Amino acid sequence: MNRARLVRIIGTYGVLIALAALILFGFLRYDRFLSFYNVMTLLRYNSMFALVALGMCFVIMTGGIDLSVGSVAALGSVASALASPYGIVPGLAAGIGAGLAAGLINATLVTRANLMPFIATLATMQAASGSALLLAGNQTVSVSYESGFTAIGQGNFWTFPIPAAIAVVAYLIGSLVLNYTGTGRAVLAIGGGEDASRLMGLRTDRVKFLVYVASGGLAGLAGVILASQFGAGQPIEGVGWELFAIAAVVVGGTLLTGGSGSVVTTLAGVLLLGILFNVLNFENGMGWISLSAYWQSVIRGLFLLVVVLLQARLTRRRLNAL
Amino acid sequence: MTRPPDGLFPLLLEMRDIQKRFAGIPALADASLSVRSGEVHALIGQNGAGKSTLIKVLTGYHRKDAGQVLFEGEPFEVHSPHQAQVNGISTIYQEINLVPLRSVTENICLGREQRRYGLLDWNAMHAEAERLLSRFAIGIDVRRPLGEFNTATQQMVAIARAIGFSARLVIMDEPTSSLDEREVGVLFSVIHQLKAEGVSVIFVSHKLDELYEVCDQVTIMRDGRTVRSAAMKEIGKLELVAAMLGRDVAAVEGHATAFGERDRSRIGDVMFSARGLGAGQAVRNVSFDLRRGEIAGFAGLLGAGRTETARLVFGADRPSAGQMTMEGAAYHPDRPADAIAAGMGFCTEDRKGEGIVPEMTVAENLTLALLPKISRNGVLDDSRQREIVERFIRELGIKCSGPNQKVRELSGGNQQKVLLARWLAMNPKLLILDEPTRGIDVGAKGEIQRLIRRLADQGLGVLMISSELEEVIEGADRIFVLRDGVSVTELEAEAANEEKVLTAMAHGTSASSEVTT
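As structure tokens, then:
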């Protein structure tokens, strides 16, 4: 039983330990690592991934997957950029609305047509990417700088980046929903045994529906921040975001098979990955190594693989130890 | 136990003439069930009698095709287990349908969470879970994942969950199958409490003694129909078993099977023997001998431990007690491969799930277990495979267009022959056949039975499990009756008749004295 507890603690809090270690490493090695500018830039940039990962976290906890988040974010960024001349609210509404629409399609395909989440969201991924390119006329769409739309991505709340504040609020709500609402518990129950949950009288389809819609909406919101932060709707952004999100969720100790997970540690997973790439950038800057963006993709892929393998082993040991 | 005369308690549930077909095949033909308030009602029947389907119609899992359901006097139609629960019907399924990764509290309270200021009130929910479990004399840390506790505790959690829904009717589908005696006692006391509170219970079980201990009324189903409904104290065990199996205790017909005459002179010395085999609750004390050239039949009700014993013999599960010998030497298989090496074969009951591979051809299915023997350096020897396959198609009379026809296109009987051939090709000494003729049409059934006799005559030892009484009585040279995991009776075929076997299944001994509890 003690070993089981130890294994569980490592599975749940390992990410926090790793995060602390990485921060310590960066602090000792680079002068400007913990500088105000670096920290705030890091938070501002990674808030987009944090939002996408939050949606992904809920989907994965039901035992599903949402591969469409990256291209849905791209679609959201284009939609919000197009609406940005009308102000902040229309910009937000357009981006989130586009995301919700995509999420609605995923939700319908998974719960009504009973498609495998992997296939359904893969199809949506292609469709959203195509829609983004069509809507943008195959180029980036500049946002309006007069309407105040750029404040969402570039502004500060006192000195704290607004997108990061949005992410923090989203995670607070997410954590509350997961731990203190029936829907949240149903999410985990479904991931732990869908048939059992249905026989227990839970409305599994409704909960799954909500989860995919939420994931789409959050991806749309991330798209709004993308457009606002970089001044343009970017139809070809978002490639590989789904992998980043999946990696962050899994690093955060959420089981890829569903049924067990946490919102807070997912945020830690996002920060861990974000800081990892930040550290790589510092290394680049110091001239020791030279890593292109392509290499970052390779590392991201390998990292996910290692974490999933580790998790599979930990889970097996955990179940054996029971 | 005392019961007020009929009519004192009002009818709670009435299901009339329920019909349900799956892909055109009737699962329920004419099923009825009436349960009064505060009554514990036994629902019994053989495998495939339609008990589970009837329950699933009631709980909204399946939609009925025809018939009427009244609950508390009102027409009752639900479309999901959720609605059934809301309307006061809770179900405890046979397989524990809970979520092992989640905490005990969540498993008990999911679907009726307690809230405070709109958010979940964990303290209240933990307290509620503890309160419900205390009725079962269980004090566990309800915050821990359910999967950390043993099966019996999980079963109790499932029951606590069902009761927690302040149900009017609790359905228990074989709730005792994973409980030990003490826990069964606790469960029964809870059932009595429920009764006293006016809650009705539908109790599905194959353990006759339990039914007499706890139930007031019984409904017997067979082939999707309700064949009998009576007060428990008015029906004897023998009568109960006979009704379940559709046998008229008095009338024993002539030959109903195609096994043909037995030739005792061909039976050799003891090849395999088991003494005091045990594993969990399913197999508690089983002993039997199997001789060369002999067909040993296992008779017993569902859940008597027949298949479970066969799995122990075949090394699919490990015994916790007892000894086995094969050809005079001690035999403890760790895995089926050991059993196969010792010369055994096992045709499972679940032909589709564990036996044939429907998308593969007759030849491929037939030589699946044989591959290492007909390969040279990992390369399949085509001509050798062809030779073996054609020999068995001829000898067993497998009707197919040729070795390359897909097995799924064959009839049930021919699929069974392919399975048999797969094991026969290994040249076994002992073959275990679990329900060898289930789901096979009459003509093919006769062929399989003749084949089994011929194989035994050639010196093969056959252990045959069958729920069809005449198959065991006419086919086997020696009959072992299992009851609640114990081999209670051994009968030489010549001395066996239906009444003796039925009596052993009902009472545990073959003495044909009618005892009512």
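Here the protein sequences come in this chain order: A and B.
Read in order, the letters of the first sequence are residues 317 to 638 in this note's numbering.
Read in order, the letters of the second sequence are residues 166 to 682 in this note's numbering.
Glycine residues also receive a C-beta, built at the ideal position from the N, C-alpha and C atoms.
The model shown is predicted, which means the values in this text are computed figures rather than measured ones.
Asked: Give me the chain A residues within the contact set of Asn-262 of chain B, using Cβ-Cβ distance strictly less than 8 Å, ordered along the chain.; Found: Gly-509, Asp-511, Ala-512, Leu-515, Met-516
Asked: Is it buried or exposed, Val-646 of chain B, if we count other Cβ atoms within 10 angstroms and call 16 or more buried?; Found: buried
Asked: Any idea if Phe-479 of chain B is buried or exposed, counting beta-carbon neighbours within 10 angstroms, 16 or more meaning buried?; Found: buried
Asked: Taking a contact to mean a Cβ-Cβ separation below 8 Å, would you say Gly-533 of chain A touches Gly-419 of chain A in this structure?; Found: yes
Asked: How about Leu-596 of chain B and Lys-582 of chain B: do their beta carbons lie closer than 8 Å?; Found: no
Asked: Counting only the same chain and skipping the five closest in sequence on each side, list residues whose C-beta sits under 6 Å from that of Gly-419 of chain B.; Found: Bear in mind that the predicted position of Gly-419 of chain B carries a pLDDT of just 44, short of 50, making it too unreliable to give a figure here.
Asked: Using only alpha-carbon positions, find the residue among B:Ala-289, B:Ile-273, B:Asn-272 that is nearest to Arg-280 of chain B.; Found: B:Ala-289
Asked: Pick out whichever of B:Gly-425, B:Leu-266, B:Ala-292, B:His-244 has its Cα sitting closest to the Cα of Phe-314 of chain B.; Found: B:Leu-266
Asked: Within a Cβ cutoff of 7 Å, which residues of the same chain sit near Pro-169 of chain B, ignoring the five residues on either side of it in sequence?; Found: Note that Pro-169 of chain B has pLDDT 49, beneath the 50 cutoff, so the model's placement of it is unreliable and the number below is only indicative. There are no such residues.
Asked: Would you be able to state if there are at least three C-beta pairs under 8 Å between the stretch 457 to 466 of chain B and the stretch 620 to 631 of chain B?; Found: yes
Asked: Can you name the start and end residues of the alpha helix (DSSP H) that Gln-320 of chain B belongs to?; Found: 316 to 329
Asked: Which of the three DSSP states, helix, strand or coil, is assigned to Ile-254 of chain B?; Found: strand
Asked: With a threshold of 8 Å between beta-carbons, can Tyr-377 of chain B be considered close to chain A, or not?; Found: no
Asked: Output the boundary residues of the beta strand (DSSP E) element that contains Met-337 of chain B.; Found: 334 to 338
Asked: Helix or strand or just coil, what does DSSP make of His-672 of chain B?; Found: helix
Asked: Inspect the beta-carbon positions of Gly-401 of chain B and Arg-440 of chain B and report whether they are closer than 8 Å.; Found: no
Asked: From the DSSP output, which residues share a beta bridge with Gly-462 of chain B?; Found: B:Met-629, B:Ile-644
Asked: Does Leu-526 of chain A have its Cβ less than 8 Å from a Cβ in chain D?; Found: Here chain D cannot be found, since the structure's protein chains are A and B.
Asked: Using CA coordinates, which residue listed in B:His-291, B:His-206, B:Tyr-496, B:Arg-500 is at the minimum distance from Glu-378 of chain B?; Found: B:His-206
Asked: Could you name the residues that DSSP lists as bridge partners for Glu-657 of chain B?; Found: B:Arg-643
Asked: At a CB-CB cut-off below 7 Å, which residues of chain A make contact with Gly-276 of chain B?; Found: Met-516, Gly-517, Leu-518
Asked: Between Thr-582 of chain A and chain B, is there a C-beta pair that is closer than 8 Å?; Found: no
Asked: Should His-497 of chain B go down as buried or exposed, given a rule of 16 or more other Cβ atoms within 10 Å for buried?; Found: exposed
Asked: Go ahead and pull the three-state DSSP assignment for Ser-199 of chain B.; Found: strand
Asked: Can you give me the start and stop residues for the beta strand (DSSP E) that Phe-593 of chain A sits inside?; Found: From DSSP, Phe-593 of chain A is part of no beta strand (DSSP E) but of the alpha helix (DSSP H) over 579 to 602.
Asked: Taking Cβ-Cβ distances shorter than 9 Å, what residues in chain B pair up with Gly-575 of chain A?; Found: Val-264, Pro-265, Leu-266, Arg-267
Asked: Could you work out which residues of chain A lie near Pro-246 of chain B, taking near to mean beta carbons separated by less than 7 Å?; Found: Arg-514, Leu-515, Gly-517
Asked: Under the assumption that Phe-465 of chain A contacts Ser-393 of chain A (Cβ atoms under 8 Å), give the Cβ distance between them as a whole number of angstroms.; Found: Not a contact, Cβ separation roughly 12 Å.
Asked: My output table needs one value for Pro-477 of chain A: the three-state DSSP class, helix, strand or coil.; Found: strand
Asked: Once DSSP output is grouped into helix, strand and coil, what is the label at Cys-373 of chain A?; Found: helix
Asked: Can you pull the chain B neighbours of Leu-504 of chain A, defined as C-beta to C-beta under 8 Å?; Found: Val-264, Leu-266, Arg-267, Glu-271
Asked: Which first and last residues belong to the beta strand (DSSP E) in which Gln-184 of chain B is found?; Found: 176 to 187
Asked: Quick check: what's the CA-CA separation for Ala-584 of chain A versus Tyr-528 of chain A?; Found: 22 Å
Asked: Pull up the distance between the alpha-carbon of Gly-536 of chain A and that of Leu-618 of chain A, whole angstroms please.; Found: 27 Å
Asked: Would DSSP call Val-624 of chain A helix, strand or coil?; Found: helix
Asked: Answer with yes or no whether the minimum CB distance from Thr-475 of chain A to chain B is below 8 Å.; Found: no
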